[in-house]
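For reference, the structure is listed below as structure tokens.
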Amino acid sequence: MDKILPEDFERSFFEQLDPWYHFLQANCIKNANANELDLSVNDGPISDHEIGQEFFSSFEAMQRSSMRFIRYHAIETFFTILCGSKPHGPVMRFSHIVRNSEFNKIIKEIGGQRIPELQSLSSVLEYKAWLACKFFGALSEEHAKNILSQELVDFISLQARLYVDKSAYNAFKHGCQIGEESPEIKVTKADGDDPPIYMKLGPSIKWYRWEESKKKPCPTIVQGYTECDIEDDHSAIFIIATLVRAMRKARLAKKGEHIEIMLPEEIATKRDKPKQIVLRIKFGD
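Going by my numbering, the sequence shown opens with residue -15, and the numbers climb by one from there.
So, in structure tokens, the structure goes:
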């Protein structure tokens, strides 16, 4: 019997990986209809019960919140596969040994379209070529330079910048609701000479972050609002699914096998991170 190496399980991992996992979830969330849910409490329709009134009052808001969480999770899966490819894998090993702080640092550098310090490749010095090499698993720098469109590179960068905002991610993960009213803020300087700064968001989720350290024991509470767009999130999740599918197909190709990999050509999602309002409240000295 041939000796089995840990690397041999990489193929098994990709064989069972479903690239459409997050998009199928997103589609169910997007098309869910509260009126079609067959639920009852104490042998009566849930709509007549206090539980049902709470449930239906927040249904649309939670659709938006759930969609954003699925997008965050899809992004996390994409970058785990991307960063866990050669020579920094296998994926299962990468996800186990890389600490959250290291992973966040890698993703932050990808967001700035810089080759991550912890993910360097010998003789690959240009970011776009590095990204293609990691995406397809193995390419020469010359071949990798123009294989990914700038539009796709920018899309991946945007997902990275969105992902590093862990506070909002945790809020969506734990089911924080979308606000019924769109938050707005108006900031005026004390002297009143300059025109006020005004910002208004669409339907948004409210989140908090507690900041405290041994050097600065007095806490700071960060309160934020992050805008949600269910249609844009749904579209982004679909594009991410096609990227995971492409990486899976490349990893499962056998040596010498000719394969065709489809990548998105036109990306109709928003080009910027969702708008945010962030307030910092300091306590103590």
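A virtual CB, placed ideally from N, CA and C, is assigned to each residue, including glycine.
Asked                                                                                                                    : Found
Whole-angstrom distance between K259 and I65, CA atom to CA atom                                                         : 28 Å
Boundaries (first-last residue) of the beta strand (DSSP E) holding K189                                                 : Contrary to the premise, residue 189 reads as Ile rather than Lys in this sequence. Start and end: S188 to E195.
Per-residue burial, Q103 [other beta carbons within 10 Å of its own, 16 or more giving buried]                           : buried
Residue span of the beta strand (DSSP E) that contains G159, given as start and end                                      : First-last for G159: undefined, no H or E at that position.
Beta carbon of S188 nearer than 8 Å to that of T210                                                                      : yes
Neighbour-count burial assignment, I140, 16 or more Cβ in a 10 Å radius                                                  : buried
The region 141 to 155 touching the region 188 to 199, judged by at least three CB pairs closer than 8 Å                  : yes
Minimum C-alpha distance to A10 - residue among G28, S41, H57 and F40                                                    : H57
Cut-off 7 Å between Cβ atoms - residues of its own chain near L105, not counting five sequence neighbours on either side : W114 and C117
Outcome for Q37 when other beta-carbon atoms lying within 10 angstroms are tallied against a minimum of 16               : exposed
N-terminal and C-terminal residue of the alpha helix (DSSP H) that V75 is part of                                        : V75 to I81
Sequence-distant residues of the same chain with beta carbon closer than 8 Å to A122, five excluded per side             : K70
Span separating the alpha-carbon of E101 from that of I169                                                               : 38 Å
Touching by the beta-carbon criterion (3+ pairs, under 8 Å), the region 212 to 230 and the region 244 to 258             : yes
G208, buried or exposed, once every other Cβ within 10 Å from all chains shown has been counted against 16               : buried
Distance between E60 and M183 (C-alpha atoms, nearest Å)                                                                 : 30 Å
4 or more residues per run - each alpha helix (DSSP H) lying fully within the region 48 to 126                           : 75 to 81, 84 to 95 and 111 to 120
Buried versus exposed, by CB contacts within 10 Å (16 or more), I243                                                     : exposed
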